[in-house]
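Chemist: This note's numbering puts the first residue of the sequence shown at 2, with every later residue one more than the last.
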Amino acid sequence: MISQNTLPIPRVRPPAETHEHAWLVESRHPTSEGVVLYVRCGDCGTRRVDLQSHPHTPPAALSTEAGAVRG
Ligand SMILES: [Zn+2]
2 MISQNTLPIP
12 RVRPPAETHE
22 HAWLVESRHP
32 TSEGVVLYVR
42 CGDCGTRRVD
52 LQSHPHTPPA
62 ALSTEAGAVR
72 G
């Protein structure tokens, strides 16, 4: 008999979301708003840009729109 209580198996999952990224800092650049961290996942190669406002706070992910700064 087929059980009706089984949970549906998600078949479509982006590869980047299937594991906890192991962020490696490739470079860091001090700015007036904090330290910008360029990080890359050592497992899947996903890149991200973080902003660490203070040395003792965890960095926050910047959106991809962060580069569009108007002068
Ligand atoms: Zn990853």
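For glycine and all other residues, C-beta sits at the position ideal for the given N, C-alpha and C.
With hydrogens ignored, establish whether the beta-carbon of Asp51 is closer than 7 Å to any heavy atom of ligand 1.
Modeler: no
Chemist: Quick one: is the Cβ of His22 within less than 7 Å of any heavy atom of ligand 1?
Modeler: The answer is yes for His22.
Chemist: Got a sec, what are the start and stop residues for the beta strand (DSSP E) Gly46 sits in?
Modeler: Careful: Gly46 lies outside any beta strand (DSSP E) and carries neither H nor E.
Chemist: On the DSSP bridge assignment, give the partners of Ala23 in chain order.
Modeler: BP columns for Ala23 are empty, so no partner.
Chemist: If you measure between the beta carbons of Val40 and Leu25, is that distance less than 8 Å?
Modeler: Contact check for Val40 against Leu25 passes: the beta carbons are separated by less than 8 Å.
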